[in-house]
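> Residue numbers (the UniProt record's numbering), protein chains in the order written: chain G, 1 to 157; chain L, 1 to 157; chain Y, 1 to 157; chain E, 1 to 157. Encoded as structure tokens, here's the structure I'll be asking about.
4 protein chains.
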Amino acid sequence: MNKVILIGNLTKDPELRYTPNGVAVATFTVAVNRPRTNQAGEREADFINIVAWQKLADLCATYLRKGRQAAIEGRIQTRSYDNKEGKRVYVTEVVAENVQFLGGRSNDGGGDNAGFDPGFGGGNKPSGQRNNDFDPFGDPFASAGKPINISDDDLPF
Amino acid sequence: MNKVILIGNLTKDPELRYTPNGVAVATFTVAVNRPRTNQAGEREADFINIVAWQKLADLCATYLRKGRQAAIEGRIQTRSYDNKEGKRVYVTEVVAENVQFLGGRSNDGGGDNAGFDPGFGGGNKPSGQRNNDFDPFGDPFASAGKPINISDDDLPF
Amino acid sequence: MNKVILIGNLTKDPELRYTPNGVAVATFTVAVNRPRTNQAGEREADFINIVAWQKLADLCATYLRKGRQAAIEGRIQTRSYDNKEGKRVYVTEVVAENVQFLGGRSNDGGGDNAGFDPGFGGGNKPSGQRNNDFDPFGDPFASAGKPINISDDDLPF
Amino acid sequence: MNKVILIGNLTKDPELRYTPNGVAVATFTVAVNRPRTNQAGEREADFINIVAWQKLADLCATYLRKGRQAAIEGRIQTRSYDNKEGKRVYVTEVVAENVQFLGGRSNDGGGDNAGFDPGFGGGNKPSGQRNNDFDPFGDPFASAGKPINISDDDLPF
DNA sequence: TTTT
DNA sequence: TTTT
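Structure below.
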């Protein structure tokens with residue numbers, strides 16, 4: 001049993017990429033507000049990385065945008081890879097099995113990337129940030145919008 | 001909404017520590033088998049780090065041992081800290097809100113650390129591994145069994 | 001472990017009542033759409049009865065209205081009572097432990113049963129059905145808005 | 001979103017039946033102990049009816065027995081039917097999507113129906129009890145172990 | 001009509 | 001590196 005249910009808001013537009021075999025994979029981060037404020041009285045959130053595959057990846061890339069609210073059902077996945085300094089990096093993320101699009105911040109529009117880029121979210125991310133050693137979401141999906149070098153071992157199906 | 005439910009087996013005995021204020025915190029890792037084998041036909045698992053606080057920490061330290069099976073209800077928490085090389089490390093873990101002790105591998109005994117160490121789990125971990133930069137569970141809880149320097153900001157209550 | 005998570009829309013306004021001891025209890029039904037259409041190609045829903053107590057009852061009565069969307073976390077409860085014909089009636093319902101108010105159908109839309117009902121649900125229940133022997137939600141909360149004769153045994157806290 | 005996760009013990013052996021089309025359906029009830037005692041200091045439980053279909057029905061009938069512990073993932077389903085007195089009966093049950101067999105009360109044996117009847121659970125139920133008007137689990141699955149008159153509308157796939 |  |  002490995003079950004996760006989240007309701008949160010996207011911190012950015014989803015990024016849609018493809019494996020060498022052409023399998024669609026969407027990644028995004030969801031901010032889930034904590035129920036209570038911390039000792040300093042501030043509202044905090046957890047920022048949880050989500051991975052969606054195949055048809056669900058396409059749906060997420062099409063319907064989700066920065067700020068929108070979504071309910072995500074999935075499972076926690078842990079994996080590791082060696083970064084370019086040869087250190088093993090451990091990643092914990094949620095593999096989405098079902099996503100329900102909720103009301104969220106507006107029908108979309110207005111936001112950061114409105115108007116352009118309806119198919120996927122790339123571009124709004126400072127380049128050079130991916131492949132960063134510590135970025136838990138940076139690897140192994142590198143170049144947005146086109147095939148990348150990812151092992152079939154990462155496919156969860 | 002941030003809900004996690006896991007059933008898995010402990011990879012090691014829990015480690016019980018205390019914050020400077022004397023609050024008990026137990027950490028352990030649970031291996032949750034994936035429903036399907038991978039392309040190579042191997043059974044894989046996700047290794048998910050769990051944190052329990054206060055009375056629940058004591059219960060986990062008392063009743064859980066390496067190999068035992070447990071059902072864990074909790075929430076995903078993300079946090080970050082700066083490691084000793086000044087790099088920001090991002091951590092994703094599950095904060096347990098409820099733990100149910102299941103049958104598991106044996107009544108306890110037999111296993112790696114049987115007989116000794118009923119109060120907490122340390123010792124069975126190769127020393128030198130903690131404080132490793134990339135160990136997502138290594139920091140900020142350093143010295144097992146006694147108070148450590150941890151900010152009150154990490155207390156989830 | 002007894003965990004339920006639902007996202008659905010209220011079929012009616014919540015009903016707020018009080019036990020003889022003055023404890024608030026709110027009841028409402030949530031329609032949760034099924035993911036697939038049935039063999040006849042129709043969209044179906046499950047109609048799930050929710051009970052909330054105390055402060056959460058007040059919040060539900062204040063913020064929820066017919067048609068609104070909510071995420072409900074809770075647990076399944078079964079109970080039974082003898083109806084006025086002396087037959088034992090079995091009831092299965094969800095005791096809410098947490099409710100998140102989502103966007104839903106309109107910001108609220110007028111009052112109680114506002115006029116016309118563009119969403120769905122209203123008025124489609126034959127009046128006189130409440131207090132019917134078989135209505136799984138009709139009993140034991142009878143008279144809306146004021147104290148009623150309910151055993152303390154039903155209080156889940 | 002309609003998600004249920006339960007860990008409980010079977011109150012009886014599962015009953016395995018077949019629709020007119022030969023689809024396997026297993027039904028059983030799981031007792032889930034409540035975390036707290038009630039005002040009278042008694043330990044209470046919720047008795048939750050489970051329905052499993054197809055291959056999962058066969059697995060449940062094969063591996064589950066009275067007293068055994070299981071983790072059930074599924075969804076709440078509500079349906080209604082007219083009993084033989086022409087009254088509409090409302091049913092709330094859990095449709096299992098995944099069942100994990102846990103340790104439970106013993107490897108099986110000992111129990112009520114040990115030794116005999118390894119394929120399905122019938123027989124241990126007082127006859128005449130099914131088709132009772134109020135039995136929330138009695139209808140529409142009537143005759144154990146062989147095809148019965150059930151509408152295709154009840155198939156959840 | 002309930003289980004450990 | 002974060003959302004409402």
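Glycine is no exception: its CB is placed at the ideal position from the N, C-alpha and C atoms. Every value quoted in this text rests on a predicted model; they were computed, and no experiment measured them.
Which residues in the same chain as Asp82(Y) place their Cβ atom closer than 8 Å to its Cβ, once the five residues preceding and following it in sequence are excluded?
For Asp82(Y), where only same-chain residues beyond five positions count, the Cβ hits under 8 Å are Arg88, Val89.
> May I ask which residues mark the beginning and end of the beta strand (DSSP E) holding Ala57(L)?
Not the beta strand (DSSP E): Ala57(L) falls in the alpha helix (DSSP H), residues 54-63.
> Assuming Ala24(Y) and Trp53(Y) make a contact with CB atoms under 8 Å, what is their CB distance in whole Å?
Right, their Cβ atoms sit about 7 Å apart.
> Three-state secondary structure (DSSP) at residue 207(E)?
The first residue shown for chain E is 1 and the last is 157, placing residue 207(E) beyond what the model contains.
> Only counting the same chain, and skipping five residues up and downstream in sequence, which positions put a Cβ closer than 8 Å to that of Pro156(E)?
Excluding residues within five positions, the ones whose Cβ falls inside 8 Å are Trp53, Gln77, Val95.
> Could you check whether the Cβ of Thr78(Y) sits closer than 8 Å to any Cβ belonging to chain E?
By this cut-off, Thr78(Y) is an interface position.
> May I ask you to report which of helix, strand or coil DSSP gives Ala40(Y)?
Of the three classes helix, strand and coil, the one that applies to Ala40(Y) here is coil, per DSSP.
> Going by alpha carbons, who is nearest to Met1(Y) out of Thr62(E), Asp58(E), Asn33(E), Arg79(E)?
Measuring from the Cα of Met1(Y), the nearest candidate turns out to be Asn33(E).
> So, is the C-beta of Ala26(G) closer than 8 Å to a C-beta in chain E?
Output row for Ala26(G): interface = no.
> Can a CB atom of chain Y be found closer than 8 Å to the CB of Thr92(E)?
For Thr92(E), the answer is yes, since a Cβ of chain Y falls inside 8 Å of its Cβ.
> Within 10 angstroms of the Cβ of Gly74(L), are there 16 or more other Cβ atoms? Answer buried if so, exposed if not.
By the neighbour-count rule (16 or more Cβ atoms within 10 Å), Gly74(L) is buried.
> What are the boundary residues of the beta strand (DSSP E) that includes Thr78(Y)?
Looking at the DSSP string, the run of the beta strand (DSSP E) that includes Thr78(Y) is 69-82.
> At least one CB of chain G closer than 8 Å to the CB of Lys5(E): is that the case?
The sequence given here has Ile at residue 5(E), not Lys. Interface residue, yes.
> Does the Cβ of Glu15(E) have 16 or more other Cβ atoms within 10 Å, making it buried, or fewer, making it exposed?
Buried.
> Do Val4(E) and Val91(Y) count as a contact pair if the criterion is CB distance below 8 Å?
Their beta carbons are not under 8 Å apart, which means Val91(Y) does not touch Val4(E) by this criterion.
> How many Å lie between Gly8(L) and Pro35(Y) at the Cα?
Straight-line Cα distance between these residues: approximately 29 Å.
> Apart from the five residues on each side of it in sequence, which residues of its chain come closer than 6 Å, Cβ to Cβ, to Glu97(G)?
For Glu97(G), where only same-chain residues beyond five positions count, the Cβ hits under 6 Å are Glu73, Gly74.
> Straight-line CA distance for Tyr63(G) to Leu64(Y)?
Taking the straight line joining both Cα atoms gives about 26 Å.
> Would you call the CB atoms of Lys66(G) and Leu10(G) closer than 8 Å?
Contact: yes.
> Go ahead and label Asp112(Y) buried or exposed: buried means 16 or more other beta carbons lie within 10 angstroms of its beta carbon, across all protein chains shown.
Reliability fails at Asp112(Y), whose pLDDT of 34 lies under 50, so the model's placement of it is uncertain and the value that follows must be treated cautiously. It is exposed - the Cβ of Asp112(Y) has fewer than 16 other Cβ atoms within 10 Å.
> Starting from the C-beta of Ala45(G), find all residues in its chain whose C-beta is less than 7 Å away, skip the five residues before and the five after it, and write them out in chain order.
The residues are Ala31, Val32, Asn33, Arg34.
> Is it buried or exposed, Gln69(G), if we count other Cβ atoms within 10 angstroms and call 16 or more buried?
So Gln69(G) counts as buried.
> Which residues, in order along the stretch 20-47 of chain E, keep a beta-carbon less than 7 Å from a beta-carbon of chain Y?
Listed by position along the chain: Val32, Asn38, Gln39, Asp46, Phe47.
> Please identify, using Cβ separations under 7 Å, the residues of the stretch 51-79 of chain G that lie next to chain E, in order along the chain.
Within the stretch 51-79 of chain G, the qualifying residues are Ala71, Glu73.
> On the DSSP letters alone, give me the boundaries of the beta strand (DSSP E) that Val4(Y) sits inside.
It spans 2-10 - the beta strand (DSSP E) in which Val4(Y) sits, taken as one unbroken run.
> Closest by CA to Val51(Y), which one among Arg79(Y), Arg43(Y), Ala26(Y)?
Closest option to Val51(Y), Cα to Cα, is Ala26(Y).
> Tell me which residues share the same chain as Asn38(G) and place their Cβ nearer than 8 Å to its Cβ, disregarding the 5 neighbours each side in the sequence.
Counting only Cβ-Cβ distances below 8 Å, and skipping sequence neighbours, we find Glu44.
> Let me see if you follow: with CB-CB separation under 8 Å, is Gly103(Y) close to chain G or not?
Judged by the 8 Å Cβ criterion, Gly103(Y) is in contact with chain G.
> Could you give the DSSP three-state label for Pro20(G): helix, strand or coil?
Reduced to three states, the DSSP call for Pro20(G) is coil.
> Less than 8 Å between the beta carbons of Asn49(L) and Thr29(L), yes or no?
Cβ distance < 8 Å, so Asn49(L) and Thr29(L) count as in contact.
> Is the separation between the beta-carbon of Leu102(L) and that of Ala71(L) shorter than 8 Å?
Result yes, Cβ atoms of Leu102(L) and Ala71(L) sit closer than 8 Å.
> Among Glu42(L), Ala61(L), Phe47(L), which residue has its Cα nearest to the Cα of Arg17(L)?
Measuring from the Cα of Arg17(L), the nearest candidate turns out to be Ala61(L).
> Using a beta-carbon distance below 8 Å, is Asn2(Y) in contact with chain E?
It does: the Cβ of Asn2(Y) has a partner Cβ on chain E nearer than 8 Å.
> To the nearest angstrom, report how far apart Glu93(Y) and Lys12(L) are at their CA atoms.
Between Glu93(Y) and Lys12(L), the C-alpha separation is close to 39 Å.
> To which residues of the same chain is Phe47(E) closer than 7 Å at the C-beta, ignoring the five residues directly before and after it?
Within the same chain, Phe47(E) has close Cβ partners Thr11, Thr29, Ala31.
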